[in-house]
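Numbering (the numbering used here), first residue to last: 37 to 354. All C-beta atoms in this analysis are idealised placements derived from N, C-alpha and C, irrespective of residue type, glycine included. All values reported here derive from a predicted model rather than from experimental measurement.
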């Protein structure tokens with residue numbers, strides 16, 4: 037009996053030893069696997085947050101994608117929401133880069149500086165704001181004073197500006213949009229700081245350039261305004277004159293660069309202080325010929341001095 041119990045204890049001890057040996061082996065194997073693991077190539081190690089202008093969002097996404105292909109260790113998070121949203125995010129510290137289709141306002145600079153933020157402005161592209169109507173509308177040209185009269189509601193019928201006897205439907209961006217602010221100041225108010233005119237209360241305030249384009253394409257009475265990069269074949273671009281005497285000019289790369297198109301503007305990125313490291317390198321790439329190629333491809337206007345700052349050079353690119 038004693039020998040049987042001893043045998044059982046020996047058998048149990050052997051099984052316990054075997055179990056511990058198995059556990060130890062699995063632990064050592066797992067440890068070895070962990071030690072042999074290395075960071076997977078291409079996994080982002082730095083994220084740049086980029087918030088702001090809806091006009092710029094497609095451009096910013098294209099830049100982000102192209103740059104990530106060149107630098108897989110850099111991830112760039114792009115969100116729209118409007119220029120005001122991006123600038124507010126810069127001020128409250130929730131973005132690295134704010135996109136804006138207008139300059140920061142003096143009051144925004146004041147709030148930023150009160151919070152210890154020093155916004156630095158970077159011009160990254162140019163844009164023309166196109167005035168667009170339905171392709172079936174016979175009107176071909178409008179002066180800035182006429183456009184102002186239309187969007188303030190002083191002119192409400194197309195026959196008042198050479199069109200058919202039809203009511204005018206106004207398609208505008210919402211007030212947090214940099215395009216809205218620019219169009220209000222430069223067109224509706226005629227770039228006159230003493231002019232306090234406002235958009236007509238009848239204007240449709242739409243959340244994006246794409247929706248303005250859709251409204252114009254489907255409504256024969258509509259007129260809207262869009263960044264040049266958002267104009268498509270189902271919209272008609274109006275020739276614009278600074279005065280009723282003209283000349284009346286179509287928006288294009290060449291007419292923006294030679295100053296003959298009267299509704300043109302820079303596009304901005306703002307950083308908190310002078311950028312350093314990955315953010316500085318990204319912004320330098322954006323204003324390089326490689327970044328400006330994307331500007332041209334998306335229908336915006338490359339910076340003067342880039343390889344794509346004329347329609348001829350863009351045509352050669354295609």
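Whole-number beta carbon distance between residue j and residue i, since they are thought to touch under 8 Å
i, j, result
"residue 216", "residue 210", "6 Å"
"residue 244", "residue 263", "Incorrect: roughly 11 Å between the Cβ atoms, too far for contact."
"residue 188", "residue 234", "7 Å"
"residue 114", "residue 170", "About 31 Å separates the two Cβ atoms, so there is no contact after all."
"residue 276", "residue 168", "Actually they do not touch by this definition, with Cβ atoms about 11 Å apart."
"residue 136", "residue 122", "6 Å"
"residue 157", "residue 304", "6 Å"
"residue 155", "residue 126", "6 Å"
"residue 261", "residue 165", "5 Å"
"residue 346", "residue 289", "6 Å"
"residue 240", "residue 95", "At roughly 25 Å, the Cβ-Cβ gap does not stay under 8 Å, so residue 240 and residue 95 are not in contact."
"residue 337", "residue 162", "4 Å"
"residue 93", "residue 116", "4 Å"
Beta-ladder partner(s) of residue i, from DSSP
i, result
"residue 209", "242"
"residue 162", "302, 337"
"residue 203", "193"
Residue i (DSSP reduced to helix, strand or coil)
i, result
"residue 337", "strand"
"residue 88", "strand"
"residue 268", "coil"
"residue 197", "helix"
"residue 313", "helix"
"residue 185", "helix"
"residue 228", "coil"
"residue 60", "Annotation note: pLDDT 37 at residue 60 (below 50); position unreliable, coordinate value reported separately. Of the three classes helix, strand and coil, the one that applies to residue 60 here is helix, per DSSP."
"residue 178", "strand"
"residue 156", "strand"
"residue 169", "strand"
"residue 252", "helix"
"residue 234", "coil"
"residue 329", "helix"
"residue 217", "helix"
"residue 346", "coil"
"residue 323", "coil"
Status (buried if at least 16 other CB within 10 Å, exposed otherwise) for residue i
i, result
"residue 324", "exposed"
"residue 150", "exposed"
"residue 268", "exposed"
"residue 144", "buried"
"residue 309", "exposed"
"residue 132", "buried"
"residue 138", "buried"
"residue 190", "exposed"
"residue 227", "exposed"
"residue 91", "buried"
"residue 300", "buried"
"residue 142", "exposed"
"residue 313", "exposed"
3 or more residues per run - each beta strand (DSSP E) lying fully within the segment 255-311: 258-263, 275-277, 300-308
Sequence ranges, beta strand (DSSP E) only - wholly within the segment 80-146, length at least 3: 82-88, 110-117, 133-136
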